[in-house]
Amino acid sequence: MLTTGGNGLLLSVPQMDREHLELIAQENEFSAAVDADASRAELEMRLTQLIGSFGSHFDSEEALMRSNRFPGLKRHIDEHRKLMAQLTGLRDDLGSGVVNRCFALAQFVGLWTEQHITGSDTDFAHFLQATGRPDRGPQVCLPSGGNPRGSSLRW
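In this text, residue positions in the sequence shown follow this note's numbering: the first is 18, and each later residue adds one.
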């Protein structure tokens, strides 16, 4: 079980931290549905919602990067597009029966997010902090999909 304190998932960029916590909460709900052996239809619906939330977050993050002239923007956008294509493909495969309901699917989503936050997103946070602009840029939030429960997060 992951917690937000001291593990590198909080970047001290309030907009990004709020959005990441929302995504992690949705990922935890998806994982719980996998663990509970939810129907294929429910998992497909939850994954579709998660894809929508990732898309909104990526748009928000990229707007923040543009407004701050982040030099790594193109590489970061490429990572976002690659994940969206992978998630959409997995969702489609889940719906058609090519991919079974399995723990590996939930692990993929959680692991990718953790690595992206602690890697590429951390690079951007360091850039903002080095230029003294951690709060600058548009404040676009994800649609409310539920609040993270407490400070403990589970992948």
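Each residue gets a CB set at the ideal place from its N, CA and C atoms; glycine is no exception.
For Gly72, the uninterrupted alpha helix (DSSP H) segment begins and ends at Arg57 to Ser84. Take His97, set aside five residues on each side of it, and the residues of its chain with a beta-carbon closer than 6 Å to its own are Phe75, in chain order. Separation of the CB atoms of Gly72 and Met101 is rounded to 6 Å, and the pair is thereby assigned contact status at 8 Å. Less than 7 Å separates the beta-carbon of Val51 from that of Ala123. Taken in chain order, the complete alpha helix (DSSP H) segments of 4 or more residues contained in the region 119-148 are 120-133 and 139-147. Across the set Ala147, Phe141 and Gly149, the C-alpha of Phe141 shows the shortest separation from the C-alpha of Asp34. In terms of CA proximity to Glu79, Gln32 leads the group Thr148, Thr135, Gln146 and Gln32.
In the structure shown, Ala53 falls within a coil segment according to DSSP collapsed to helix, strand and coil.
By the neighbour-count definition (other C-beta atoms within 10 Å, threshold 16), Arg83 is an exposed residue.
The Cβ-Cβ distance between Phe87 and Phe144 falls below 7 Å. Counted as a single uninterrupted DSSP element, the alpha helix (DSSP H) harbouring Gly112 occupies residues Leu90 to Ser113. Cβ atoms of Leu111 and Arg63 stay farther apart than 8 Å, at about 10 Å. The Cβ atoms of Ile68 and Leu28 do not sit closer than 7 Å to each other. Here Gln43 is near Ser70, since their CB atoms are less than 7 Å apart.
Spanning the alpha carbons of Asn117 and Gln146 requires a straight line of approximately 43 Å.
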